[in-house]
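In terms of our numbering, the numbers along the sequence shown are unbroken and rise by one, the last being 356.
One structure is given here, and the rest of the page talks about it.
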Amino acid sequence: MDYQIALLGGDGIGPEVIAQAARVLERVGTAFGHSFVFKPALIGGYAIDATGSALPDETLAACRSADAVLLGAVGGPKWDNPTATVRPEQGLLGIRKGLGLYANLRPVKMNEMLIGASTIKPEVLRGTDLVVVRELTGGIYFGERGRRDDGNTAYDTMIYSRAEIERVLHTAFRLARQRRGKVTSVDKANVLESSRLWRETATIVAKAYPDVAFEHLLVDACAMHLIRRPATFDVIVTENMFGDILTDEASMLAGSMGMLPSASLAEGTLGLYEPIHGSAPDIAGQGIANPVGAILSAALLLRLSLGLEQEALAVERAVDQVLAEGYRTRDIAENASEVITTTVMGDLICERVTA
Ligand code: NAD
């Protein structure tokens, strides 16, 4: 089968890690008899330099006509001017909106080999295997905002419709069915009206999934329990801003930013897959970035957009194997003598992908 993949390297280490993820997909193609056709397109700072826009129309068109999108990262000091009218992050917000990516999934799985890399105690971390599902196109980031009283009072509006809450809840419950069968819905229903609608809606949606264990949790309690008992969570689902904060907190459980993948899903099968890290300008161009987050994002792409579960597992197994054999990029190495480059990490993972 032929699959069209839009390849958006972006800025900094983005193109370096995405190149390795694409190689791994090619290797999956050879091992399992698929063909991946890559369509490179511009996004972020490079796109601004080349076209004046962080998300050129051709990029959005290439993504819309693809089966899935693989993205590196955007941004960097060259474009870090808060007063500029065109900024790299507009590429990210634009693509989320343009593709209707309403659910952002961030899995955090504790790798026993890297348990020492986290700041949290191993006995607390052991067994952690959770996914945060964050609503991505609604809430306070998209509600009405402004200033009044001559600019001395500012407001932002958290707004959600029942339909927006329902669809992301369904994503979370469907995911839980493929995992350990538990959903934790996170809100601030003791204070916020939008959270009361969220809780009311979640309670109704949960009734359609009697096989999935379900609980509500206030966001402040969730922030605490993520650090205290992370292994007890399976799927956590929450609104946009709470999710923004909790996903960063959850990602630190795993130790390195370079290890973690993410998926952003639209209706249907189209999805955008990217490592959670940024463009890491401090190490860009040196060939030392960890490509594992990007490669595990490609595994999520295989699973969630293409429905290729065996292929996704083959990539995840290959990553585990390379780490178990002791290979490390600089960010996860305990001593400098064992450090390998971005490309070598890609080579080793490719070699271990088998049908
Ligand atoms: P960052 O994630 O780029 O880097 C944070 C630290 O982690 C750096 O020390 C970096 O070297 C290290 N790091 C990150 N990914 C790594 C990898 N794969 N391998 C090894 N080390 C890695 O975050 P930042 O420094 O806050 O942001 C840098 C730029 O990236 C900014 O312009 C920011 O706006 C942008 N950014 C983009 C995204 C995105 O595209 N989704 C996300 C976050 C930040």
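By construction, the Cβ of each residue, glycine as well, lies at the ideal position given by its N, Cα and C atoms.
{"Check": "Ligand 1 heavy atom lying under 7 Å from the CB of residue 130", "Outcome": "no"}
{"Check": "Residue 33 versus residue 312 - alpha carbon distance", "Outcome": "7 Å"}
{"Check": "Three-state class that DSSP yields for residue 147 in the structure shown", "Outcome": "strand"}
{"Check": "Reference residue 287, options 8, 197, 16, closest by Cα", "Outcome": "16"}
{"Check": "Segments assigned beta strand (DSSP E), at least 3 residues, entirely inside the stretch 20 to 72", "Outcome": "36 to 41"}
{"Check": "Alpha helix (DSSP H) segment containing residue 96, residue limits", "Outcome": "90 to 100"}
{"Check": "Which of helix, strand or coil DSSP assigns to residue 238", "Outcome": "strand"}
{"Check": "Where the alpha helix (DSSP H) through residue 171 begins and ends", "Outcome": "163 to 179"}
{"Check": "Any non-hydrogen atom of ligand 1 closer than 7 Å to residue 10 Cβ", "Outcome": "no"}
{"Check": "Complete beta strand (DSSP E) runs within the stretch 115 to 141 (minimum length 3 residues, chain order)", "Outcome": "130 to 136"}
{"Check": "Proximity of residue 237 and residue 131 at Cβ, strictly below 8 Å", "Outcome": "yes"}
{"Check": "Own chain, CB closer than 7 Å to residue 206, minus 5 neighbours either side, in chain order", "Outcome": "167, 170, 171, 174"}
{"Check": "Complete runs of the beta strand (DSSP E) confined to the stretch 190 to 231 [at least 3 residues]", "Outcome": "214 to 219"}
{"Check": "Residue span of the beta strand (DSSP E) that contains residue 287, given as start and end", "Outcome": "Run containing residue 287: none; DSSP gives neither H nor E here."}
{"Check": "Endpoints, the alpha helix (DSSP H) within which residue 12 is located", "Outcome": "That residue, residue 12, is in no alpha helix (DSSP H); it is neither H nor E in DSSP."}
{"Check": "Heavy atom of ligand 1 within 7 Å of residue 282 beta-carbon", "Outcome": "yes"}
{"Check": "Helix, strand or coil at residue 186 [DSSP, three-state]", "Outcome": "strand"}
{"Check": "Cβ-based neighbour list, residue 303, same chain, cut-off 6 Å, excluding 5 preceding and 5 following", "Outcome": "309, 312, 313"}
{"Check": "Span of the alpha helix (DSSP H) around residue 320", "Outcome": "310 to 325"}
{"Check": "Residue burial classification, residue 105 (beta-carbon count within 10 angstroms, cutoff 16)", "Outcome": "buried"}
{"Check": "Cβ pair residue 320, residue 293 closer than 8 Å", "Outcome": "yes"}
{"Check": "Cβ-Cβ distance between residue 239 and residue 135 below 8 Å", "Outcome": "yes"}
{"Check": "Option nearest residue 111 by Cα separation, candidates 230, 265, 201, 356", "Outcome": "230"}
{"Check": "Residues sharing a beta bridge with residue 108, DSSP", "Outcome": "132"}
{"Check": "Backbone CA spacing between residue 89 and residue 235 [nearest angstrom]", "Outcome": "33 Å"}
{"Check": "Enclosing beta strand (DSSP E) for residue 264 [first to last residue]", "Outcome": "262 to 266"}
{"Check": "Under 8 Å between C-beta atoms of residue 185 and residue 216", "Outcome": "yes"}
{"Check": "Contact test: residue 325 Cβ vs ligand 1 heavy atom, cutoff 7 Å", "Outcome": "no"}
{"Check": "Residue 275 - DSSP class collapsed to helix/strand/coil", "Outcome": "strand"}
{"Check": "Where residue 255 sits in the DSSP three-state scheme", "Outcome": "coil"}
{"Check": "Integer-rounded CB distance, given that residue 330 should sit under 8 Å from residue 340", "Outcome": "7 Å"}
{"Check": "Straight-line gap, residue 107 to residue 123 (C-alpha atoms, nearest Å)", "Outcome": "21 Å"}
{"Check": "Delimiting residues of the alpha helix (DSSP H) encompassing residue 86", "Outcome": "Segment: none, residue 86 is in no alpha helix (DSSP H) and carries neither H nor E."}
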